[in-house]
Amino acid sequence: MNRTSTTQPTPSHLGPDSSMLRARSLVVSYGRTAALRGVTLEVRRGEILAVTGPSGSGKSTLLLTLAGILVPDAGEVHFGERCITAENESSRSRLRRKQFGVLFQFGQLVPELTAEENVALPLLLSGRRRGVAITAATTWLDRFGVADLAKVRPPEMSGGQAQRVAVARAMVTEPEVLFADEPTGALDTLAGEQVMTQLVRVAREADTTVVLVTHDARIAAYGDREVVVRDGVLPDPIPADEASVSGREEGRS
Amino acid sequence: MSTGHVLLGLLSRGQRHGYELKREHDERFPAARPLAFGQVYTTLERLHRQGLVEPVAVHRVDGPDRTVYEVTDTGRTEIHAWLRNIETPAPHVSNPLSTKVTIALLVGDAAAAADYLRRQRRAHLERMRYYTRVKTDGGSSLHEVLAADYALSHLDADLSWMETASQRVHALEKEIGT
Ligand SMILES: Nc1ncnc2c1ncn2[C@@H]1O[C@H](COP(=O)(O)OP(=O)(O)O)[C@@H](O)[C@H]1O
Ligand SMILES: [Mg+2]
């Protein structure tokens, strides 16, 4: 078992440094509050990128901007060849429905619908037939170990169960990028661990790129890489050569 | 933590000789320093003098003689007494992280302190990824998962201190800069 290798294989036709998303000089203000003050960032294809930082530093704003939900005051977001910040709302909305998945701290399931109907919903909204949508929903519930909840409604679920159903719903459209904002923020340690373990496993299997916003280092440790947001900016990257020297000291004491 | 109690605990699962104890120790406590043979034998002799273990047989293989030990009733009582004792909470462990930041600030270099904290954070997180993989790997046993949880909690506590330190240093840098 080789636990120390973290790098995911990159599909060969994409080259070694292919990026999924590129953000350049993003500036976002809410009235007089400057939430992002010039953020430049690249999200690589297939990676799980943890975005951390103190509360109020601009993590959620960055996620919403990368996901095309929020339009920045200045700067650009590129998704492959597309400059999504230059596109109109309907085109961005189509992109969000088809290629992006979004997951928030509280899964925002529809309380009146069963788990399978909740998971089928994104497919129904993009015009798939009910039978097809329900079959796909069942498969995704099973991948997250909650197939037995298919007929259960959110109010009868534990926080961890509801969040696993929410992840299944975010993944049912097989998005290229999953944006998760504090996905375990409302859960205790073990329930959070279960959600993260399955989210990471399924994302790797489906080759989904994940942008994972969290203030919790233990959750960030599920990612391949971390960027820290501070006061609406990302500090310059640290040169890689010097950084990995430590961490081998253990056992010598 | 005393090696004696750890060996007693391992022996309470059945008779073993020193070599087996060493192997089992190193496997069950992957984060600890491997035990030296000499240490195992002197500890077993001490436990014997204290009446906590008893030699029950000597195995002669091609190598050296191997004395097989088992736990006595006194030894069993001792291990349970030890388990009931809490460890002294140690808020002032010797902390090289804190020392480094303090020295950086002493020599008047807030930027060096900030830079060090960022590098250290990256190294810590890299280590936390390792332990997280130990847990998410299907093949890990319960004792490996427990050891990983423990390591993660401690690294996380370091990081939480480093985060606060970063914010304090950041504030200081701003003060110096203006
Ligand atoms: N809808 C909003 N209206 C006004 N201010 C906001 C809004 N959302 C966020 N902010 C402010 O923007 C800054 C960054 O917020 P946010 O991106 O939510 O940070 P984080 O996710 O790191 O906690 C904070 O100062 C916050 O108070
Ligand atoms: Mg937030």
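Protein chains in written order, with the working numbering: chain A, 61 to 313; chain B, 379 to 556.
Don't be surprised by glycine CBs; every beta carbon is placed ideally from N, CA and C.
Within-9 Å CB hit, residue 509 (chain B) to chain A: In the second sequence, residue 509 (chain B) corresponds to position 131, counting from 1. At least one chain A Cβ lies under 9 Å of residue 509 (chain B).
Following a CB-centred definition, is residue 552 (chain B) positioned closer than 8 Å to any heavy atom of ligand 4? With respect to ligand 4, the structure shown offers nothing to examine, as its ligands consist of ligand 1 and ligand 2.
Contact with chain A by residue 551 (chain B), beta-carbon distance below 9 Å: If you number the second sequence from 1, residue 551 (chain B) lands on position 173. Chain A contact via Cβ: absent.
Option in B:473, B:422 and B:380 with minimal Cα separation from residue 399 (chain B): Residue mapping note: residue 399 (chain B) aligns to position 21 of the second sequence, counting from 1. The shortest C-alpha separation from residue 399 (chain B) is found at B:422.
When the Cα atoms are used, what is the spatial distance from residue 480 (chain B) to residue 546 (chain B)? By 1-based counting over the second sequence, the position of residue 480 (chain B) is 102. By 1-based counting over the second sequence, the position of residue 546 (chain B) is 168. For residue 480 (chain B) and residue 546 (chain B), the distance between alpha carbons rounds to 12 Å.
Assuming residue 255 (chain A) and residue 269 (chain A) are in contact, meaning their beta carbons sit under 8 Å apart, how far apart are those beta carbons, in whole angstroms? Here residue 255 (chain A) is taken as the residue at index 195 of the first sequence, counted from 1. Here residue 269 (chain A) is taken as the residue at index 209 of the first sequence, counted from 1. That pair is no contact at about 18 Å.
Would you mind working out which of A:94, A:228, A:134 and A:102 sits nearest residue 116 (chain A), comparing C-alpha positions? For the purposes of this step, residue 116 (chain A) is taken as residue 56 along the first sequence, with counting starting at 1. Selection A:94, A:228, A:134 and A:102 evaluated against residue 116 (chain A) yields A:94 as nearest (Cα-Cα).
Under 9 Å between beta-carbons, which chain A residues line up against residue 534 (chain B)? List them in chain order, please. Walking along the second sequence from the start, residue 534 (chain B) turns up at place 156. Within chain A, the residues near residue 534 (chain B) are 276, 277, 278 and 281.
Near-chain A residues of the stretch 500-529 of chain B - C-beta to any C-beta below 8 Å: Correct list: 500, 501, 502, 503, 504, 505, 506, 507, 508, 509, 510, 511, 512, 513, 514, 515 and 517.
Please classify residue 144 (chain A): does DSSP put it in a helix, a strand, or coil? Your numbering for residue 144 (chain A) matches position 84 in the first sequence. It is helical.
Alpha-carbon to alpha-carbon, residue 402 (chain B) and residue 80 (chain A): Within the first sequence, numbered from 1, the residue matching residue 80 (chain A) stands at position 20. Within the second sequence, numbered from 1, the residue matching residue 402 (chain B) stands at position 24. Each residue's CA atom was taken as its position, placing residue 80 (chain A) and residue 402 (chain B) some 46 Å apart.
Would you say the stretch 426-433 of chain B touches the stretch 450-457 of chain B, given that touching needs at least three Cβ pairs under 8 Å? yes
What span of residues does the alpha helix (DSSP H) with residue 404 (chain B) cover, start to end? On the second sequence, position 26 is the one that residue 404 (chain B) refers to. Start and end: 396-406.
Quick one: what's got a C-beta closer than 8 Å to residue 113 (chain A)'s C-beta in the same chain, skipping five residues either side? The residue labelled residue 113 (chain A) in the question sits at position 53 within the first sequence. Cβ neighbours of residue 113 (chain A) beyond the five flanking positions: 119, 275, 288, 289 and 290.
Nearest-angstrom Cα distance between residue 122 (chain A) and residue 412 (chain B)? Translated into the one-based positions of the first sequence, residue 122 (chain A) becomes position 62. Translated into the one-based positions of the second sequence, residue 412 (chain B) becomes position 34. If you take the alpha carbons of residue 122 (chain A) and residue 412 (chain B), they lie about 46 Å apart.
How would you write the range of the beta strand (DSSP E) that residue 210 (chain A) sits in, first residue to last? Residue numbering aside, residue 210 (chain A) sits at position 150 when the first sequence is read from its first letter. Per DSSP, residue 210 (chain A) belongs to no beta strand (DSSP E) and is neither H nor E.
Residue ranges of each beta strand (DSSP E) within the stretch 218-291 of chain A, 3 or longer: Annotation: the stretch 218-291 of chain A contains the following complete segments of the beta strand (DSSP E) (minimum length 3 residues), in chain order: 237-241, 269-273 and 285-288.
Measuring alpha carbon to alpha carbon, tell me which of A:247, A:111 and A:267 ends up nearest residue 503 (chain B). Taking the first residue of the second sequence as 1, we reach residue 503 (chain B) at position 125. The shortest Cα separation from residue 503 (chain B) among A:247, A:111 and A:267 belongs to A:111.
To the nearest whole angstrom, what separates the beta carbons of residue 130 (chain A) and residue 88 (chain A), a pair I think is in contact under 8 Å? To locate residue 130 (chain A), count along the first sequence from 1; it is residue 70. To locate residue 88 (chain A), count along the first sequence from 1; it is residue 28. At roughly 6 Å, the Cβ-Cβ gap stays under 8 Å, so residue 130 (chain A) and residue 88 (chain A) are in contact.
What does the Cβ neighbour count give for residue 283 (chain A), buried or exposed, with the cut at 16 atoms within 10 Å? The residue given as residue 283 (chain A) occupies position 223 in the first sequence. It counts as buried.
Is residue 107 (chain A) helix, strand or coil by DSSP? To locate residue 107 (chain A), count along the first sequence from 1; it is residue 47. Coil.
Endpoints, alpha helix (DSSP H) assigned at residue 193 (chain A): Residue 193 (chain A) sits at position 133 when you count from the first residue of the first sequence. Counting along the chain, the alpha helix (DSSP H) containing residue 193 (chain A) begins and ends at 190-203.
Taking the alpha carbon of residue 178 (chain A) as the reference point, which residue from A:165, A:187, A:193 and A:164 has its own alpha carbon closest? Numbered from its first residue, the first sequence carries residue 178 (chain A) at position 118. Among A:165, A:187, A:193 and A:164, the Cα nearest to that of residue 178 (chain A) belongs to A:193.
What would DSSP say about residue 81 (chain A), mapped onto helix, strand or coil? Here residue 81 (chain A) is taken as the residue at index 21 of the first sequence, counted from 1. Three-state result, residue 81 (chain A): strand.
May I ask which residues mark the beginning and end of the beta strand (DSSP E) holding residue 411 (chain B)? Translated into the one-based positions of the second sequence, residue 411 (chain B) becomes position 33. Taken as a continuous stretch (DSSP letters only), residue 411 (chain B) belongs to no beta strand (DSSP E), as it is neither H nor E.
Would the beta-carbon of residue 186 (chain A) be found less than 8 Å away from any heavy atom of ligand 2? Sequence index remark: in the first sequence, residue 186 (chain A) carries index 126 (1-based). Not so, every heavy atom of ligand 2 lies at least 8 Å from the Cβ.
Please classify residue 409 (chain B) as buried or exposed, where buried requires at least 16 other C-beta atoms within 10 Å of its C-beta. Residue 409 (chain B) sits at position 31 when you count from the first residue of the second sequence. By the neighbour-count rule (16 or more Cβ atoms within 10 Å), residue 409 (chain B) is not buried but exposed.
Sequence-distant residues of the same chain with beta carbon closer than 8 Å to residue 262 (chain A), five excluded per side: For the purposes of this step, residue 262 (chain A) is identified with residue 202 of the first sequence, where counting begins at 1. Closer than 8 Å at the Cβ level, and outside the excluded window around residue 262 (chain A), lie 203, 204, 227, 231 and 268.
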